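Student: One structure coming up, written as structure tokens, with questions to follow.
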């Protein structure tokens with residue numbers, strides 16, 4: 007039996023975040039799978055993505071965890087529509103005066119901006135090749 011390899015990528019800077027962004031490009035995100043745990047300063051995004059790390063392209067469920075998040079803002083996203091599925095285009099990082107802004111950019115001009123003092127993002131695969 008072939009051992010299933012599940013990836014875990016940790017980003018602490020712009021280059022690391024670019025790798026996670028490349029892995030998550032074109033991922034599907036159900037609005038009900040977006041959580042902000044304000045007390046813990048953690049933002050969680052459960053997504054369905056296609057692997058880009060191997061020759062074979064298959065679907066994989068992953069969790070993208072953003073830590074040390076002080077504030078979350080969204081635009082052009084109907085949070086009441088629990089069936090809404092967003093297409094993640096890219097994840098971008100901007101440095102403001104003393105904070106970072108991590109922008110999750112989706113199709114249809116929708117985006118989520120996370121304000122944080124520290125870049126600490128983890129992409130962890132949960133299950134691959136599911137139906």
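Residue numbers (the working numbering): 7 to 137.
Think of the CB as a built atom: it goes at the ideal place given N, C-alpha and C, for glycine as much as any other residue.
Being a predicted model, the structure only gives us computed values, none of them experimental.
#1: Compare the C-alpha of residue 84 against each of 110, 42, 117 and name the closest.
#2: Going straight from the alpha carbon of residue 57 to that of residue 63, what length do you get?
#3: Which term fits residue 38, buried or exposed, when burial requires 16 or more other beta carbons within 10 angstroms of its beta carbon?
#4: Closest to residue 4 by C-alpha separation, out of 110, 72, 41, 66, would be which residue?
#5: Starting from residue 17 and walking both ways along the alpha helix (DSSP H), at which residues does that stretch end?
#6: If you draw a straight line from the C-alpha of residue 17 to the C-alpha of residue 25, how long is it?
#7: Just to confirm, are residue 121 and residue 103 a CB contact at a threshold of 8 Å?
#8: What residues match up with residue 68 in a beta bridge as DSSP calls it?
#9: Could you compute how far the alpha carbon of residue 133 sits from the alpha carbon of residue 94?
Tutor: Straight from the coordinates:
#1: 117
#2: 5 Å
#3: exposed
#4: The displayed coordinates of the chain run from 7 to 137. Any statement about residue 4 would go beyond what the structure contains.
#5: Residue 17 -> not in any alpha helix (DSSP H); beta strand (DSSP E) instead, spanning 14-17.
#6: 8 Å
#7: no
#8: 53, 131
#9: 19 Å
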